[in-house]
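In the numbering used here, the protein residues as written are 433 to 737.
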(Lines of atoms letter the chains of each structure in order from A and count residues from 1; the text may use other names and numbers.)
(Lines give C-alpha, C1' and ligand atoms only; values in the text may rest on other atoms or scores of the structure.)
Protein backbone atom coordinates (compact mmCIF):
# COMPACT_ATOMS: atom_id res chain seq x y z
CA UNK A 1 0.00 0.00 0.00
CA UNK A 2 1.07 3.58 -0.55
CA UNK A 3 1.05 6.06 2.29
CA UNK A 4 -2.25 7.61 1.21
CA UNK A 5 -4.01 4.44 2.34
CA UNK A 6 -1.59 2.78 4.78
CA UNK A 7 -1.68 4.56 8.13
CA UNK A 8 1.28 2.57 9.46
CA UNK A 9 3.45 4.21 6.76
CA UNK A 10 2.54 7.76 7.81
CA UNK A 11 5.26 9.77 9.54
CA UNK A 12 3.91 12.84 11.30
CA UNK A 13 5.66 15.67 13.14
CA UNK A 14 3.52 17.54 15.69
CA UNK A 15 4.99 20.77 17.09
CA UNK A 16 3.74 21.88 20.49
CA UNK A 17 2.86 19.81 23.54
CA UNK A 18 -0.06 21.69 25.03
CA UNK A 19 -3.54 20.19 25.29
CA UNK A 20 -4.13 20.22 21.54
CA UNK A 21 -0.64 19.14 20.48
CA UNK A 22 -0.64 16.14 22.82
CA UNK A 23 -4.16 15.24 21.64
CA UNK A 24 -3.11 15.39 17.98
CA UNK A 25 -0.04 13.26 18.68
CA UNK A 26 -2.12 10.76 20.66
CA UNK A 27 -4.63 10.44 17.82
CA UNK A 28 -1.97 9.57 15.24
CA UNK A 29 -0.12 7.26 17.64
CA UNK A 30 -3.31 5.37 18.46
CA UNK A 31 -3.74 4.69 14.74
CA UNK A 32 -0.25 3.19 14.46
CA UNK A 33 1.41 6.15 12.74
CA UNK A 34 5.04 7.06 13.39
CA UNK A 35 4.81 10.31 15.39
CA UNK A 36 7.51 12.79 16.42
CA UNK A 37 6.18 15.18 19.07
CA UNK A 38 8.44 18.24 19.06
CA UNK A 39 8.78 20.48 22.11
CA UNK A 40 10.59 23.77 22.66
CA UNK A 41 13.44 22.21 24.66
CA UNK A 42 14.47 18.81 25.98
CA UNK A 43 13.40 19.61 29.55
CA UNK A 44 9.75 19.43 28.42
CA UNK A 45 10.02 15.99 26.82
CA UNK A 46 9.07 13.80 29.79
CA UNK A 47 6.03 15.92 30.68
CA UNK A 48 4.87 15.94 27.06
CA UNK A 49 5.24 12.18 26.78
CA UNK A 50 3.33 11.70 30.03
CA UNK A 51 0.42 13.93 28.97
CA UNK A 52 0.12 12.11 25.65
CA UNK A 53 0.31 8.63 27.18
CA UNK A 54 -2.49 9.53 29.60
CA UNK A 55 -4.70 10.33 26.59
CA UNK A 56 -3.72 7.08 24.87
CA UNK A 57 -4.36 4.84 27.86
CA UNK A 58 -2.99 1.29 28.09
CA UNK A 59 -2.37 -0.36 24.72
CA UNK A 60 0.21 -3.17 24.65
CA UNK A 61 2.27 -3.32 21.47
CA UNK A 62 1.51 0.26 20.46
CA UNK A 63 4.14 2.10 18.39
CA UNK A 64 6.47 4.14 20.59
CA UNK A 65 5.85 7.88 20.91
CA UNK A 66 9.02 9.83 20.07
CA UNK A 67 9.46 13.21 21.78
CA UNK A 68 12.27 15.52 20.68
CA UNK A 69 13.44 19.08 21.21
CA UNK A 70 12.48 21.02 18.09
CA UNK A 71 15.92 22.51 17.53
CA UNK A 72 17.64 19.12 17.83
CA UNK A 73 15.30 17.28 15.44
CA UNK A 74 16.88 16.68 12.06
CA UNK A 75 14.88 13.87 10.42
CA UNK A 76 12.74 16.20 8.29
CA UNK A 77 13.45 14.11 5.19
CA UNK A 78 11.58 11.22 6.83
CA UNK A 79 8.39 13.20 7.61
CA UNK A 80 5.20 13.11 5.50
CA UNK A 81 3.31 15.96 7.20
CA UNK A 82 4.00 18.65 9.81
CA UNK A 83 1.30 20.06 12.12
CA UNK A 84 1.97 23.15 14.24
CA UNK A 85 0.00 23.49 17.48
CA UNK A 86 1.82 26.13 19.53
CA UNK A 87 0.10 28.98 21.41
CA UNK A 88 -2.34 31.33 19.66
CA UNK A 89 0.12 34.13 18.96
CA UNK A 90 0.62 35.18 15.34
CA UNK A 91 4.25 36.33 15.39
CA UNK A 92 5.69 33.09 16.85
CA UNK A 93 3.64 31.08 14.37
CA UNK A 94 4.98 33.13 11.47
CA UNK A 95 8.53 32.71 12.75
CA UNK A 96 8.07 28.97 13.13
CA UNK A 97 6.64 28.58 9.63
CA UNK A 98 9.55 30.51 8.14
CA UNK A 99 11.95 28.26 10.09
CA UNK A 100 10.12 25.13 8.87
CA UNK A 101 10.03 26.36 5.28
CA UNK A 102 13.83 26.39 5.28
CA UNK A 103 14.13 22.86 6.69
CA UNK A 104 11.19 20.70 5.65
CA UNK A 105 11.71 19.24 2.14
CA UNK A 106 9.70 20.84 -0.65
CA UNK A 107 6.29 19.29 -1.24
CA UNK A 108 5.81 18.10 2.35
CA UNK A 109 2.63 19.77 3.68
CA UNK A 110 2.91 22.03 6.72
CA UNK A 111 -0.26 22.85 8.62
CA UNK A 112 -1.38 25.04 11.49
CA UNK A 113 -3.95 24.02 14.07
CA UNK A 114 -4.73 27.69 14.74
CA UNK A 115 -8.42 28.32 15.32
CA UNK A 116 -8.09 32.08 14.87
CA UNK A 117 -5.30 33.02 12.48
CA UNK A 118 -5.80 32.35 8.75
CA UNK A 119 -3.07 30.33 7.10
CA UNK A 120 -2.75 33.09 4.50
CA UNK A 121 -1.41 35.40 7.26
CA UNK A 122 0.76 32.78 8.92
CA UNK A 123 2.38 31.81 5.61
CA UNK A 124 2.47 35.30 4.05
CA UNK A 125 5.58 35.94 1.96
CA UNK A 126 7.07 32.45 2.39
CA UNK A 127 8.47 30.70 -0.67
CA UNK A 128 6.75 27.44 0.25
CA UNK A 129 3.32 28.83 1.08
CA UNK A 130 1.69 26.62 -1.59
CA UNK A 131 2.26 23.60 0.70
CA UNK A 132 0.88 25.34 3.80
CA UNK A 133 -2.67 24.83 5.06
CA UNK A 134 -4.91 25.28 8.03
CA UNK A 135 -5.29 21.89 9.75
CA UNK A 136 -7.86 22.71 12.39
CA UNK A 137 -8.73 20.14 15.05
CA UNK A 138 -11.45 20.25 17.69
CA UNK A 139 -10.95 19.58 21.38
CA UNK A 140 -10.42 16.87 22.57
CA UNK A 141 -8.29 16.29 19.50
CA UNK A 142 -7.70 12.58 20.13
CA UNK A 143 -11.47 11.89 20.16
CA UNK A 144 -13.25 14.37 17.86
CA UNK A 145 -12.96 12.95 14.32
CA UNK A 146 -13.18 16.17 12.28
CA UNK A 147 -10.17 18.03 10.88
CA UNK A 148 -10.69 21.11 8.71
CA UNK A 149 -8.12 21.36 5.90
CA UNK A 150 -8.20 25.04 4.95
CA UNK A 151 -6.85 26.47 1.71
CA UNK A 152 -4.98 29.74 1.98
CA UNK A 153 -4.79 32.21 -0.88
CA UNK A 154 -1.77 30.39 -2.34
CA UNK A 155 -2.33 26.81 -1.08
CA UNK A 156 -2.10 23.99 -3.63
CA UNK A 157 -5.54 22.32 -3.91
CA UNK A 158 -4.01 19.12 -5.32
CA UNK A 159 -1.72 18.79 -2.31
CA UNK A 160 -4.71 19.56 -0.07
CA UNK A 161 -6.43 16.47 -1.47
CA UNK A 162 -3.37 14.40 -0.50
CA UNK A 163 -3.49 15.91 3.01
CA UNK A 164 -7.14 14.84 3.28
CA UNK A 165 -6.17 11.33 2.17
CA UNK A 166 -3.54 11.13 4.92
CA UNK A 167 -6.02 12.25 7.57
CA UNK A 168 -8.54 9.68 6.31
CA UNK A 169 -5.91 6.94 6.49
CA UNK A 170 -5.22 7.97 10.09
CA UNK A 171 -8.88 7.57 11.09
CA UNK A 172 -9.97 11.22 10.90
CA UNK A 173 -12.84 12.82 8.96
CA UNK A 174 -11.27 15.68 6.98
CA UNK A 175 -13.30 18.39 5.26
CA UNK A 176 -11.85 20.74 2.66
CA UNK A 177 -12.50 24.44 3.31
CA UNK A 178 -11.90 26.09 -0.04
CA UNK A 179 -11.42 29.65 1.18
CA UNK A 180 -9.63 31.02 4.23
CA UNK A 181 -12.58 32.75 5.93
CA UNK A 182 -13.00 33.66 9.61
CA UNK A 183 -14.08 30.65 11.62
CA UNK A 184 -13.43 28.30 8.71
CA UNK A 185 -16.43 25.95 8.43
CA UNK A 186 -17.57 24.28 11.66
CA UNK A 187 -16.91 27.25 13.93
CA UNK A 188 -19.01 29.54 11.72
CA UNK A 189 -21.94 27.14 12.08
CA UNK A 190 -21.27 26.70 15.81
CA UNK A 191 -21.14 30.46 16.45
CA UNK A 192 -24.37 31.06 14.55
CA UNK A 193 -25.98 28.55 16.91
CA UNK A 194 -24.34 30.07 20.00
CA UNK A 195 -25.44 33.60 19.08
CA UNK A 196 -29.07 32.43 19.06
CA UNK A 197 -28.56 30.41 22.27
CA UNK A 198 -27.28 33.47 24.17
CA UNK A 199 -30.05 35.63 22.75
CA UNK A 200 -32.64 33.15 24.04
CA UNK A 201 -31.02 33.21 27.48
CA UNK A 202 -31.00 37.03 27.51
CA UNK A 203 -34.66 37.08 26.47
CA UNK A 204 -35.65 34.74 29.28
CA UNK A 205 -37.11 32.22 26.82
CA UNK A 206 -35.41 29.22 28.45
CA UNK A 207 -32.75 28.33 31.00
CA UNK A 208 -29.24 27.30 29.93
CA UNK A 209 -29.98 23.77 31.17
CA UNK A 210 -33.15 23.46 29.09
CA UNK A 211 -31.39 24.84 26.02
CA UNK A 212 -28.73 22.14 26.39
CA UNK A 213 -31.43 19.48 26.68
CA UNK A 214 -33.30 20.85 23.67
CA UNK A 215 -30.18 20.72 21.48
CA UNK A 216 -28.93 17.33 22.68
CA UNK A 217 -32.22 15.50 22.37
CA UNK A 218 -33.63 17.02 19.16
CA UNK A 219 -31.48 18.07 16.21
CA UNK A 220 -28.24 17.30 18.08
CA UNK A 221 -29.45 13.71 18.41
CA UNK A 222 -30.25 13.58 14.69
CA UNK A 223 -26.93 15.17 13.73
CA UNK A 224 -25.05 12.23 15.26
CA UNK A 225 -26.59 10.21 12.42
CA UNK A 226 -26.66 12.68 9.51
CA UNK A 227 -25.68 16.30 8.84
CA UNK A 228 -28.14 19.17 8.41
CA UNK A 229 -28.27 19.03 4.60
CA UNK A 230 -28.92 15.28 4.39
CA UNK A 231 -31.46 15.52 7.23
CA UNK A 232 -33.48 18.02 5.22
CA UNK A 233 -33.09 15.91 2.09
CA UNK A 234 -34.84 13.19 4.12
CA UNK A 235 -37.56 15.37 5.63
CA UNK A 236 -38.15 17.65 2.63
CA UNK A 237 -36.97 21.18 1.91
CA UNK A 238 -40.48 22.60 1.50
CA UNK A 239 -41.23 22.17 5.22
CA UNK A 240 -37.89 23.76 6.11
CA UNK A 241 -38.63 26.69 3.78
CA UNK A 242 -42.08 27.29 5.30
CA UNK A 243 -40.62 27.36 8.82
CA UNK A 244 -37.69 29.52 7.73
CA UNK A 245 -39.95 32.25 6.34
CA UNK A 246 -41.61 32.47 9.75
CA UNK A 247 -38.48 32.12 11.91
CA UNK A 248 -35.72 33.99 10.04
CA UNK A 249 -37.09 37.50 10.68
CA UNK A 250 -37.08 36.81 14.44
CA UNK A 251 -33.57 35.37 14.75
CA UNK A 252 -30.77 37.27 16.47
CA UNK A 253 -28.44 38.94 13.95
CA UNK A 254 -26.37 41.00 16.39
CA UNK A 255 -22.78 41.75 15.42
CA UNK A 256 -21.77 42.08 19.09
CA UNK A 257 -21.58 39.70 22.03
CA UNK A 258 -24.80 39.06 23.94
CA UNK A 259 -25.26 41.12 27.14
CA UNK A 260 -25.36 37.98 29.30
CA UNK A 261 -21.97 36.97 27.93
CA UNK A 262 -20.45 40.42 28.48
CA UNK A 263 -21.63 40.24 32.11
CA UNK A 264 -20.09 36.81 32.63
CA UNK A 265 -16.79 37.99 31.17
CA UNK A 266 -16.70 41.15 33.30
CA UNK A 267 -17.41 39.08 36.42
CA UNK A 268 -14.73 36.51 35.59
CA UNK A 269 -17.34 33.75 35.36
CA UNK A 270 -15.63 31.79 32.61
CA UNK A 271 -16.99 28.31 33.29
CA UNK A 272 -15.21 25.41 34.96
CA UNK A 273 -11.82 27.12 35.04
CA UNK A 274 -13.20 29.89 37.26
CA UNK A 275 -15.66 27.83 39.27
CA UNK A 276 -18.72 29.42 37.68
CA UNK A 277 -20.22 30.26 34.33
CA UNK A 278 -23.92 29.77 33.76
CA UNK A 279 -23.46 26.87 36.18
CA UNK A 280 -21.49 26.56 39.44
CA UNK A 281 -18.54 24.16 39.64
CA UNK A 282 -16.36 22.64 42.29
CA UNK A 283 -13.08 20.96 41.38
CA UNK A 284 -14.76 17.60 41.90
CA UNK A 285 -17.90 18.32 39.89
CA UNK A 286 -15.82 19.78 37.03
CA UNK A 287 -13.58 16.71 36.95
CA UNK A 288 -16.59 14.39 36.96
CA UNK A 289 -18.30 16.35 34.17
CA UNK A 290 -15.17 16.30 32.01
CA UNK A 291 -14.74 12.56 32.52
CA UNK A 292 -18.39 11.96 31.66
CA UNK A 293 -18.05 14.18 28.57
CA UNK A 294 -15.05 12.23 27.27
CA UNK A 295 -16.75 8.91 28.01
CA UNK A 296 -19.81 10.01 26.03
CA UNK A 297 -17.62 11.22 23.17
CA UNK A 298 -15.77 7.89 23.09
CA UNK A 299 -19.13 6.07 23.01
CA UNK A 300 -20.42 8.28 20.20
CA UNK A 301 -17.21 7.72 18.26
CA UNK A 302 -17.64 3.94 18.51
CA UNK A 303 -21.15 4.26 17.11
CA UNK A 304 -20.04 6.53 14.26
CA UNK A 305 -17.27 4.12 13.34
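A virtual CB, placed ideally from N, CA and C, is assigned to each residue, including glycine. Keep in mind that this is a model prediction, so the values were computed, not measured.
Host alpha helix (DSSP H) of residue i (start-end)
i, result
"residue 487", "477-488"
"residue 460", "451-462"
"residue 661", "660-667"
"residue 633", "618-634"
"residue 740", "Because the chain spans 433 through 737 in this model, residue 740 falls outside it and cannot be assessed."
Residue i in three-state terms, based on DSSP
i, result
"residue 652", "helix"
"residue 708", "strand"
"residue 494", "coil"
"residue 467", "strand"
"residue 551", "helix"
"residue 641", "helix"
"residue 525", "helix"
"residue 506", "coil"
"residue 435", "Here residue 435 scores only 43 on pLDDT, less than 50, and its place in the model should not be relied on; the value that follows carries that caveat. In this structure, residue 435 counts as coil in the three-state DSSP scheme."
"residue 447", "strand"
"residue 703", "strand"
"residue 647", "helix"
"residue 575", "coil"
"residue 727", "helix"
"residue 673", "helix"
"residue 536", "coil"
"residue 714", "coil"
"residue 530", "helix"
"residue 678", "helix"
"residue 732", "helix"
"residue 687", "coil"
"residue 657", "coil"
"residue 719", "helix"
"residue 556", "coil"
"residue 441", "helix"
Closest residue to residue i among the options (Cα-Cα distance)
i, options, result
"residue 729", "587, 644, 689, 656", "656"
"residue 611", "601, 597, 592", "592"
"residue 566", "573, 484, 550, 488", "550"
"residue 513", "539, 683, 575, 524", "539"
"residue 442", "700, 596, 529", "596"
"residue 560", "606, 534, 481", "534"
"residue 634", "693, 604, 671", "693"
"residue 485", "458, 498, 503", "458"
"residue 475", "490, 699, 489, 499", "499"
"residue 541", "590, 572, 477", "590"
"residue 599", "577, 587, 488, 480", "577"
"residue 715", "506, 526, 704", "704"
"residue 506", "482, 496, 532", "532"
"residue 601", "463, 454, 456", "463"
"residue 583", "688, 691, 553", "553"
"residue 502", "487, 477, 483", "477"
"residue 527", "497, 689, 558", "558"
"residue 625", "607, 496, 696, 684", "684"
"residue 467", "494, 489, 675, 697", "494"
"residue 586", "700, 490, 562", "562"
"residue 491", "735, 461, 481", "461"
"residue 537", "523, 564, 556", "564"
Proximity test, Cβ basis, 9 angstroms: residue i and chain C
i, result
"residue 454", "Here there is only one protein chain, and chain C is not present."
Residues that DSSP places opposite residue i in a beta bridge
i, result
"residue 608", "581"
"residue 474", "Residue 474 is not bridged to any residue."
"residue 543", "515, 565"
"residue 501", "471"
Range covered by the beta strand (DSSP E) that runs through residue i
i, result
"residue 693", "That residue, residue 693, is in no beta strand (DSSP E); its alpha helix (DSSP H) goes 691-698."
Check your understanding: Three or more beta-carbon pairs under 8 angstroms between the segment 466-473 and the segment 440-451, yes or no?
Key -> yes
Review point. Three or more beta-carbon pairs under 8 angstroms between the segment 536-554 and the segment 501-519, yes or no?
Key: yes
Review point. Are at least three pairs of beta-carbons, each pair with one atom in the segment 599-619 and one in the segment 635-653, less than 8 angstroms apart?
Key: no
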